[in-house]
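Residue numbers (my numbering), protein chains in the order written: chain A, 27 to 140; chain B, 1333 to 1444.
First up is the structure itself, then whatever we jot down about it.
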Amino acid sequence: GAVVSQHPSRVICKSGTSVKIECRSLDFQATTMFWYRQFPKQSLMLMATSNEGSKATYEQGVEKDKFLINHASLTLSTLTVTSAHPEDSSFYICSAIGTVYGYTFGSGTRLTVV
Amino acid sequence: QQQVKQSPQSLIVQKGGISIINCAYENTAFDYFPWYQQFPGKGPALLIAIRPDVSEKKEGRFTISFNKSAKQFSLHIMDSQPGDSATYFCAASRNAGNMLTFGGGTRLMVKP
């Protein structure tokens, strides 16, 4: 089956620094990747949708300059949280869709900003 | 606008019992309805999915019931086990390759 690898699984960073999260589709080409944010005991909140080679489409209320998304290839998308602050602490999850496989989620990244 | 409403928010079931989670949707254009299981600290994993051309789909202990006229669908977990304790999300989309709209989630606890 389809596998989406997300790294790192956990990261702790200092306030003001930037953090990059990678999402890779291991055995299929992902035409579209989604990035979600999940707060404790809550559902997944879509942050942005990215297609390979084009700019990401951000959901209303998501700061484009803070959450930089790059979908440089059909197997890799990255989310960079710039100038992170404690309120950015959350669980971030990517998912990918290919021409053969449907929605497949990564294992998530727990970001803690101190 | 919450297009997929899920209930209950939390559920406690005894081992061996039946767990039932319900979802209702508003957008009649939705034609793909998956259920995801999420364990703490992990991403959601596809459990089972249904399309509106069938009223029921069963995979092992998991069954989806679908009522197109009522715009409702539900997940039944038969012979619930402690290992089923997780958060379950229903979702809906316009075909399997499009963005999913998620329900609010149900935290299931199966007591031994």
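Cβ coordinates follow ideal geometry from the N, Cα and C atoms, glycine included.
inquiry  = Using only the alpha-carbon positions, how far apart do A/G132 and A/V29 sit?
reply    = As a first step, residue 132 of chain A is located in the first sequence; it is residue number 106 there, counting from the start. As a first step, residue 29 of chain A is located in the first sequence; it is residue number 3 there, counting from the start. The straight-line gap from Cα to Cα measures roughly 8 Å.
**B/S1412 and B/V1386 closer than 8 Å at C-beta** = Numbered from its first residue, the second sequence carries residue 1412 of chain B at position 80. Numbered from its first residue, the second sequence carries residue 1386 of chain B at position 54. Contact flag unset, no.
Review point. Quick one, which of A/Q68, A/T138 and A/F60 has its alpha-carbon nearest A/Y84's?
Key: What you label residue 84 of chain A is simply residue 58 of the first sequence in a count that begins at 1. Of A/Q68, A/T138 and A/F60, the residue nearest in Cα terms is A/F60.
| message | As a quick exercise: from A/T138, A/I119, A/V140 and A/L137, pick the residue whose alpha carbon is nearest that of A/T130. | response | Locating residue 130 of chain A in the first sequence gives position 104, where the first residue counts as 1. The option with the nearest alpha carbon to A/T130 is A/I119.
Going by the beta-carbon positions, is the gap between B/Q1369 and B/A1418 smaller than 8 Å? The residue labelled residue 1369 of chain B in the question sits at position 37 within the second sequence. The residue labelled residue 1418 of chain B in the question sits at position 86 within the second sequence. For B/Q1369 and B/A1418, yes; Cβs fall inside 8 Å.
Of the choices A/L137, A/T101 and A/A110, whose alpha-carbon is the least far from that of A/E89? Taking the first sequence and counting its residues from 1, one reaches residue 89 of chain A at position 63. Checked all of A/L137, A/T101 and A/A110; the closest Cα to A/E89 is A/A110.
Do A/S69 and B/G1435 have their CB atoms nearer than 8 Å? Along the first sequence, read from residue 1 onward, the residue named residue 69 of chain A stands at position 43. Along the second sequence, read from residue 1 onward, the residue named residue 1435 of chain B stands at position 103. A contact, by the Cβ cut-off of 8 Å.
- With DSSP run on the structure shown, which of helix, strand or coil describes A/E89? Reading the first sequence from its first residue, position 63 is the one you call residue 89 of chain A. A/E89 sits in coil when the DSSP states are folded into three classes, being neither helix nor strand.
Q: Could you please give the first and the last residue of the uninterrupted beta strand (DSSP E) stretch that includes A/V37?
A: If you number the first sequence from 1, residue 37 of chain A lands on position 11. Boundaries of the beta strand (DSSP E) harbouring A/V37: R36 to C39, taken from the DSSP string.
Taking the alpha carbon of B/K1400 as the reference point, which residue from B/L1378, B/M1410 and B/E1388 has its own alpha carbon closest?
The sequence position of residue 1400 of chain B within the second sequence is 68, counting from 1. Among B/L1378, B/M1410 and B/E1388, the Cα nearest to that of B/K1400 is on B/E1388.
Practice item. Go to A/M73, then tell me how far its beta strand (DSSP E) extends in each direction, as first and last residue. Key: Counting from 1 along the first sequence, the entry for residue 73 of chain A is found at position 47. Residues L70 to N77.
- Could you confirm whether any beta carbon from chain B is found closer than 8 Å to the beta carbon of A/G79? On the first sequence, position 53 is the one that residue 79 of chain A refers to. Not an interface residue.
With a floor of 3 residues, list each beta strand (DSSP E) that falls wholly inside the segment 1379 to 1406 of chain B, ordered by position along the chain.
Qualifying beta strand (DSSP E) stretches, in chain order: 1388 to 1391 and 1394 to 1399.
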